[in-house]
Structure formats: structure tokens, C-alpha cells
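Beneath this line is the structure, given in C-alpha cells, with notes to follow.
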Amino acid sequence: MSDDEASTTTAGGDPDHEFVVVVVEPETPGNVGTIARAMKNFGIYDLRLVNPPPLDPDGEAYGFAGHAREDVLPNATETTLEEVVEEFHTIGTTAVSHEDSTRHVRYPFKAPTEVADSLESVKTKTALVFGREGTGLDNEELGMLDEVCCIPADHRYPVLNLGQAATILMYELRRFTVDEIQLPDVERERASEAEIDVVYRFFDDLLDAIDYREHKRAKTSQMMRRLVGRAHPTEREAATLTGVLRRAAEQVRNPERFRDDD
Numbered sequence: 001m002s003d004d005e006a007s008t009t010t011a012g013g014d015p016d017h018e019f020v021v022v023v024v025e026p027e028t029p030g031n032v033g034t035i036a037r038a039m040k041n042f043g044i045y046d047l048r049l050v051n052p053p054p055l056d057p058d059g060e061a062y063g064f065a066g067h068a069r070e071d072v073l074p075n076a077t078e079t080t081l082e083e084v085v086e087e088f089h090t091i092g093t094t095a096v097s098h099e100d101s102t103r104h105v106r107y108p109f110k111a112p113t114e115v116a117d118s119l120e121s122v123k124t125k126t127a128l129v130f131g132r133e134g135t136g137l138d139n140e141e142l143g144m145l146d147e148v149c150c151i152p153a154d155h156r157y158p159v160l161n162l163g164q165a166a167t168i169l170m171y172e173l174r175r176f177t178v179d180e181i182q183l184p185d186v187e188r189e190r191a192s193e194a195e196i197d198v199v200y201r202f203f204d205d206l207l208d209a210i211d212y213r214e215h216k217r218a219k220t221s222q223m224m225r226r227l228v229g230r231a232h233p234t235e236r237e238a239a240t241l242t243g244v245l246r247r248a249a250e251q252v253r254n255p256e257r258f259r260d261d262d
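Every letter in the sequence shown is one number past the one before it in full-length UniProt numbering, and letter 130, counting from 1, is 130.
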């Protein structure tokens, strides 16, 4: 990998955290492509493979990689687990962690959210290490690594597909690797306080129209304020709710005006 490529292991996010993905002896090219695609989704571009199968540009790996076929996959490099351990802080993944504090190969372990939280205050280069589709990382390989990550799942079938496991872990680490997502900023979309106050005003007007019990009115208005306050409505939602409340009050006061001609 060139110096330029090495400097873009993560495309954005936190410059104090660099991540690479390592897959040990992947059995099917398709899973390599799936992981490459997830890497690009979450801003990680350095893929390293230990004893991989051939990755034919016209085969499964590139077919499953989506746009990651343009950069992540063709720039993937072969390595050994020993080389990875020498260069990075390592986190191994496993679906099985039956061990307890008396046996330490797969214990203690962290869930993906706990991994992300633990890295928050640490400046480090981290390798996310995934094992084979069929057997995962063996005890000797896990014993070489610094930490163990286990994704909580139903005890009756806790084994995730390799691509799924990689996607979940990278999703939880996106705070370090992605500086801008495609979703709109909810705070900027929230209706103004003036627009929300109009909702409250027309709700109170509806209470007047239905002759709501006076001793319950203040409490009911407060409940409505709390409900709308938690919802953070958009400008359009506030306007729609205002229109419904206004129409309801008008119909209560003048039902003949809104009676269906049929």
C-alpha cells in the first residue's frame, strides 16, 4: 500500500483513530466483497487479508462489493496475523464466549457499543480482525489479540454471517470514521417555537370547542405540550397538526358547514 493509500484508511471522522479490517482465511470471495462494501459504507478503506481465496475482478467478490470495487477491494493487501499484531491494537471478533474469568482466551469480551466507548479517549490505530466463515478465529489466534468483541444474539443461534458481523461492528464505530452522513440534521428541521406554540393554541381552542372540563384543562394542555415537545415535529408536521386541530374545532362549532352533501 502506498503512503497516500495508507493515509486514507478512514475517509473522515476522527483523525486520532485509524481502523483497518483484517479477514483471516476467508473461505468465499463473496464475503470479502460484502465486507469491502460495508467498509466503504462506514468510511474505512484499508482491507488486509490473511491467506485469501483468489479475488477475480469478474467474480463474486467484486460483484458483492458495490462501489467498493473501485477502491477498497482492488487496494486490499495480503498480510499475516503476526504482522497485524505488530502494527496495530487488535480487536478479535467471535460469536462464542462461553469462558469465564478463570479462562481468558475469549474472556473478558466487549459488545460492539462497549468497544466504541472504550476507544473514545484513546488515540490508536486499530485492526478489526474477523475469522473464517465456518470456524471463526481459533483460540491460538484470539490469544494473540488485545481485545475480544462478541455481538450479543439469541443464545439458540448466536453465529452471525461474517459480513453481518463486520457490518455491525463498523456501524458502531462510525463515530470515528464518518464525519457526515446522508441523513438530515434533525435539529435544523425542527419547527420553530412560534410554529409549535400555534399547535398549542389551537389545541386549547379545541378544548374550548368541546367544552372540556375546566378542572382538567390545565393538566391536559400540559400533557399535550410534553407530548409535542418529545416529538420534535418538523415545520410541516406542526402545520398539519395545526390544520387538523383548527378543522376539528370549527366542525364542533359549526357541524352544518362540514356535513357531507351526500
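Idealized CB from N, CA, C, for every residue including glycine.
Distance from the CA atom of P54 to the CA atom of I181, rounded to whole angstroms, is 33 Å.
For the region 149-234, the continuous alpha helix (DSSP H) assignments of 4+ residues that do not extend past its boundaries occur at 162-172, 174-177, 186-189, 193-209 and 214-231, in sequence order. At the C-beta level, A61 and M39 stay beyond 8 Å of one another. Within the model, the alpha-carbon separation for R132 versus T242 is close to 57 Å. Here the alpha carbons of Y200 and N41 stand approximately 41 Å from one another. Beyond the five residues adjoining it in sequence on each side, A116 comes within less than 8 Å, by CB distance, of E172, L173, R175 and F176 in the same chain, given in chain order. With distances taken between CA atoms, E114 lies nearest to C149 out of C149, V252 and D138. Here the region 206-222 makes contact with the region 240-256; the two share three or more CB pairs at distances below 8 Å. Residue pairing for K123: DSSP places it in no beta bridge. Between T94 and the set L145, V198 and D14, the nearest pair of CA atoms involves L145. Ranking P15, H17, E25 and R246 by CA distance to the CA of T135 puts E25 first.
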